[in-house]
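Asker: Below: one structure in structure tokens.
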Amino acid sequence: MQETCNFSWSIGGQQGEGIESAGEIFSSALNRLGFFLYCHRHFSSRIKGGHTSYSIRLASRPVRTSSGRLDILIALDQESVDLARDMFTTNSIILADTKLALQPNADCGATVIPVPCSEIAEKCGSPFLKNLVMLGASAALFGISAGQVHPALDTVFSKKGEQILMQNKSALQAGIDFIENHSACPKREKFILIPPDTSPQLLMMGNEAIALGAIAAGARFMAAYPITPASDIMEYLIKKFPQLGGAVIQTEDEIAACTMAIGANYGGARAFTATSGPGFSLMAEAIGLSGMTETPLVVIDCQRGGPSTGLPTKQEQSDIVAAIFNTHGDTPKIVMCPGTAEEAFYDTFEAFNLAEEYQCPVILLSDLQLSLCKQTLPYPRLNDLAVRRGKLAGSELPALGPAEYFKRFAATVDGISPRTLPGTRNGIHLVTGLEHDAAGKPAEAPDIRRMQTDKRHRKLDTVIDRFPAPLYIQAAHPEADLLIVGVSATRGAIEEAVELLGKEGYKINHIHFRLLHPFPAKAFQAYVQSAQKTLVVEHNRTGQLLQLIRMHIADENRLTGLTKYDGEFFSVAEILSKCREVLA
Amino acid sequence: MSSAAEFRNSIKQNWCPGCGHYAVQNAIQQAVAAVGLQPEELAVISGIGCSGRISGYLYAYGFHATHGRALPLAQGLKMANRNLTVLACGGDGDGFAIGMGHTIHAIRRNMDITYIVMDNHVYGLTKGQTSPRSDIGFRTKTTPQGAVETPVAALETALATGAGFVAQGFSLNLKELTALIEQGIRHKGFSFINVFSPCVTFNPFNTYDWYKQHLTPLASLSDYRTDDRALAMQTVISHSGLVTGLVYRDNTKPDYQTAIELAPKPLAHSVEKASEECFAKLLEEFR
């Protein structure tokens, strides 16, 4: 597809200067205009104050990573300029608060337009409006009219009263006017925006897609403990669940959160928890309980830098091995890892189905970049989805004799036994984290142990075949020079690298895992074998995905790893550079 | 209505002869029968230890969870199906060591659950180690010189945390214990019931006789009232926690589900895909 536009816009300043709200308003306006967006809010672990920024990449086709280039920067502090120094081109424009006294054509190569945003804001009614003044100025550079931003403003400020809304609109207009009347206004054709011809789309972060997936799937209970970068999921659902008849409990810790979710699933609700690495470590105990007792459970792990408290606000994919193996004992489980917000929605929906069908813990891995960056996605097709509750036995159970138990853990061909919910007449049974017999009574005889362990693991035999899409496959070449492999948020950067290398004549295939456990080895191996080399891209130091692959398929020296663990997102350039090295 | 015997299964308990836990089980069976429950309407959630096995000896829905986690599991279950009568049972290790945080927060949350602590001041299943309820000087395998850590004050902790129902029973007084459990189940909110349930194998100090000598029935105190939290605290402290009976009850606190105005229909009975209409409304916020 011809790339008609692809720009990056950013606003940076101190927390409290309306950086986030300017970003939210502008991205919402651009979304309504039909652009494909990728938005990244940069924040530090500081509680208050400090530098913050909000970047938007807008394009006429889907983008799922930052571009590494900056076309328009709104600088409300010096740090904004310093941090973006390497991202400017000679076409770049810095709209700088005049207070910063930046030199025109400062050594970074960009053109500086000083804007007396504080004075203009004062005239509009409040010094706090300078973010809107700057937003207006940047909109004018893009040729976006005030009217095109107003719907977004209306949504954001409608609850705050007419006066505040009008002030914000006048600040926006004043910013636009400043650029229109600016004698040294750069040539507008630099930034011609041609909105793509798309049907209306949504803009959200992965965490919101996950929360919506849970709502769609009928989940109405969440137990969680706040943690970056997962808290948005519980915060969103705390707003929405009550009106949908559900509830969120903020528990005393992650052990309680995960165990409470198990209790609610045992009771027959669809319940889940969401956390990040430190909480996920605490949940290992409960995940084992879910596995042993065959109680459905969905756990979302939004990975961040680890180990321990690690890098709370930085990107990493270092819970890959933990997601599969952090529980003691042979624990049956399913581990999913969506690569886009759209997949996060569908995979979360499916996670609840799989948890009930397979009666085991389902871990859905996200990472900070997928969880927190906003991206464009089409409207989910709820019609295509169905709630599947598996072997849930209810009415018409045969009567039980005195003190007789329902055989909740009876051996079956597929390993999945009919499940009854507490309250069900003739469904009474025991559940225990101890090894147990068919009725759930503790039992440790070797034959029962073997039978029950085999049963719990036999269940997983059909997961790969029934899983909608274990691999995201972008493999145009029957014989490839290189296969690039990734998980979660690296999807966007890898896709762009593949495209650029393709233009240079290389034959590059791309696989992104959506199911990590059980590992879809057979399907995956074929792509490795049809490629000269395979590059596994991941955000950790120890090559966890690469090691996992090596557990399941013959390497034959085709596999190479590219790791990144500095907390920053992979750039397209970094992936390109490694690919060239491997291809050479 | 079911009889107490209908809440007993056919599994032989693995408790030692003379263990106080037999009486707790007996009292539970009588109490739930007196309340008028059917076995399928009762769920017993237990932790780990000798006490934890109790969910496997009653004929009802039983979930023998992880050590210290009976309360989180019980609360999750109650959230899913508020029609069920949920009992959580565990030992003093469950409730005051590994699960202490859950105990305090479950009390604060005030779900309509009855929590029975089978308190024997010692770890029995692991064969005789100190417990957070062991008296100072108590010698065990892990405190050969005698315990030096201050025992957790069970009743005072429950009172201080805001429990709306606090009681203490003794395995030798089955009638009182049964009545306390029945009242606990009938109480709309979290009921905390600590039970002195002697371990005849690993605790030669806190014996049946020792308790008989040291326990004071609150009913024997003139002027004692169960609706006065300060009096309850004062009385418990002045008796070093060695009292039995209903310590405190506050019927005015709404239970958790009432406080959050959760719909009466159990969540477990409303699992379905979101409606197109409601979902479309949610999506509009992401335009």
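These protein sequence lines are chains A and B, in that order. The opening position of the first sequence corresponds to residue 1 in my numbering, with each subsequent residue numbered one higher. The opening position of the second sequence corresponds to residue 1001 in my numbering, with each subsequent residue numbered one higher. Every residue gets a Cβ at the ideal spot worked out from N, C-alpha and C, and that includes glycine.
Following the continuous beta strand (DSSP E) through B/S1191, name the residue where it begins and the one where it ends.
Answerer: First-last of the beta strand (DSSP E) with B/S1191: 1191-1196.
Asker: Checking 7 angstroms against the spacing of the C-beta atoms, do A/A269 and A/A223 come in under that value?
Answerer: It is not a contact, given that the beta carbons lie outside the stated cut-off.
Asker: Closer than 8 angstroms, Cβ to Cβ, to anything on chain B: give me those residues from the stretch 28-49 of chain A, in chain order.
Answerer: Within the stretch 28-49 of chain A, the residues whose Cβ lies closer than 8 angstroms to some Cβ of chain B are S28, N31, R32, listed in chain order.
Asker: Alpha carbon to alpha carbon, how far is B/D1209 from B/I1113? Give it in angstroms, no decimals.
Answerer: Distance between the alpha carbons of B/I1113 and B/D1209 is about 32 angstroms.
Asker: Whole angstroms are fine: how far does the CA of B/I1193 sit from the CA of B/S1222?
Answerer: Those two C-alpha atoms are separated by around 22 angstroms.
Asker: Using a C-beta cutoff of 7 angstroms, does A/R270 count as contacting chain B?
Answerer: Judged by the 7 angstroms Cβ criterion, A/R270 is in contact with chain B.
Asker: Go ahead and pull the three-state DSSP assignment for A/D71.
Answerer: Here A/D71 sits in strand by DSSP.
Asker: Please determine whether the Cβ atom of A/G136 lies at a distance below 6 angstroms from any heavy atom of the ligand PLP.
Answerer: Although the ligand PLP was asked about, the structure shown includes no ligands whatsoever.
Asker: Determine the burial state of A/K459: buried for a count of at least 16 other Cβ atoms within 10 Å of its Cβ, exposed for fewer.
Answerer: By the neighbour-count rule (16 or more Cβ atoms within 10 Å), A/K459 is buried.
Asker: Scan the stretch 1148-1236 of chain B and note each continuous beta strand (DSSP E) run of 3 residues or more that stays entirely inside, going in chain order.
Answerer: The stretch 1148-1236 of chain B contains these whole beta strand (DSSP E) runs: 1165-1170, 1191-1196.
Asker: Counting only Cβ-Cβ distances shorter than 8 angstroms, please list the residues of the stretch 1108-1135 of chain B near chain A, keeping chain order.
Answerer: Cβ contacts with chain A: R1109.
Asker: Given a threshold of 16 other Cβ atoms within 10 Å of its Cβ, counted over all protein chains shown, does B/H1187 qualify as buried or as exposed?
Answerer: The residue is buried, with at least 16 neighbouring Cβ atoms inside 10 Å.
Asker: When Cβ atoms are compared, which residues of the stretch 286-314 of chain A fall closer than 9 angstroms to chain B?
Answerer: Result list: A286, G288, L289, T293, T295.
Asker: What three-state label does DSSP hand A/P446 in the structure shown?
Answerer: Correct three-state label for A/P446: helix.
Asker: Restricting to runs no shorter than 3 residues, where is the beta strand (DSSP E) found entirely within the stretch 373-417 of chain A?
Answerer: Those beta strand (DSSP E) runs which fall completely within the stretch 373-417 of chain A and span 3+ residues are 374-377.
Asker: Residues of the stretch 220-252 of chain A in Cβ contact with chain B at a cutoff of 9 angstroms, in chain order, please.
Answerer: Flagged, chain order: R220, F221, A223, K240, P242, Q243, L244, G245, G246, A247, I249, T251, E252.
Asker: Determine the DSSP secondary structure at B/C1089, reduced to helix, strand or coil.
Answerer: Strand at B/C1089.
Asker: Are the beta-carbon atoms belonging to A/G492 and A/T65 less than 7 angstroms from one another?
Answerer: Yes. Within cutoff.
Asker: Can the beta-carbon of A/G567 be found closer than 7 angstroms to that of A/K314?
Answerer: A contact, by the Cβ cut-off of 7 angstroms.
Asker: Between B/A1065 and B/L1073, how many whole angstroms is the CB-CB distance? I'm expecting something under 8 angstroms.
Answerer: That belief holds up - the Cβ atoms of B/A1065 and B/L1073 are roughly 5 angstroms apart, short of 8 angstroms.
Asker: Of all the residues that make up the stretch 557-577 of chain A, which are near chain B by a beta-carbon distance shorter than 9 angstroms?
Answerer: Here the close residues number zero.
Asker: Going by DSSP in three states, B/Q1025 sits in which element: helix, strand or coil?
Answerer: Looking at B/Q1025 - three-state DSSP - the assignment turns out to be helix.
Asker: Output, in chain order, the set of chain B residues within a Cβ distance shorter than 9 angstroms of A/I215.
Answerer: Here the neighbours are A1274, C1278, F1279, L1282.
Asker: Considering just the uninterrupted stretch of the alpha helix (DSSP H) at A/K130, what are its terminal residues?
Answerer: First-last of the alpha helix (DSSP H) with A/K130: 130-141.
Asker: Among A/I164, A/L430, A/S126, A/L70, which residue has its Cα nearest to the Cα of B/R1008?
Answerer: Cα-wise, what sits closest to B/R1008 is A/L430.
Asker: Do B/G1047 and B/H987 count as a contact pair if the criterion is CB distance below 7 angstroms?
Answerer: With chain B covering only 1001 through 1287, there is no way to say anything about residue 987 of chain B.
Asker: To the nearest angstrom, report how far apart B/F1138 and A/C258 are at their CA atoms.
Answerer: Spanning the two alpha carbons is a distance of roughly 36 angstroms.
Asker: Report the residue from B/L1155, B/G1049, B/A1033 whose alpha carbon sits nearest the alpha carbon of B/L1231.
Answerer: Among B/L1155, B/G1049, B/A1033, the Cα nearest to that of B/L1231 belongs to B/L1155.
Asker: Exposed or buried, which one is A/I56 when buried takes at least 16 other CB atoms within 10 Å?
Answerer: Buried: at least 16 other Cβ atoms inside 10 Å.
Asker: Do A/G206 and A/A59 have their CB atoms nearer than 7 angstroms?
Answerer: Not closer than 7 angstroms, so no.
Asker: In chain B, which residues lie less than 8 angstroms from A/M260 when you measure between Cβ atoms?
Answerer: Within chain B, the residues near A/M260 are P1072, L1073, Q1075, G1076, M1079.
Asker: Can you find the residues in the same chain that come closer than 7 angstroms, C-beta to C-beta, to A/K522, ignoring five residues on each side of it along the sequence?
Answerer: Closer than 7 angstroms at the Cβ level, and outside the excluded window around A/K522, lies no residue.
Asker: If you count every other CB in all the chains shown that lies within 10 Å of the CB of B/I1116, and 16 or more means buried, which is it?
Answerer: Result: buried.
Asker: Report the CB separation of B/L1172 from B/A1027 in whole angstroms; it is logged as a contact under 8 angstroms.
Answerer: Not a contact, Cβ separation roughly 11 angstroms.
Asker: Taking the alpha-carbon positions, what's the A/D454 to A/L434 distance?
Answerer: Distance between the alpha carbons of A/D454 and A/L434 is about 15 angstroms.
Asker: Jot down the residue ranges of each uninterrupted beta strand (DSSP E) in the stretch 1088-1130 of chain B, minimum 3 residues, whole runs only, in chain order.
Answerer: DSSP runs (the beta strand (DSSP E)) wholly in the stretch 1088-1130 of chain B: 1113-1119.
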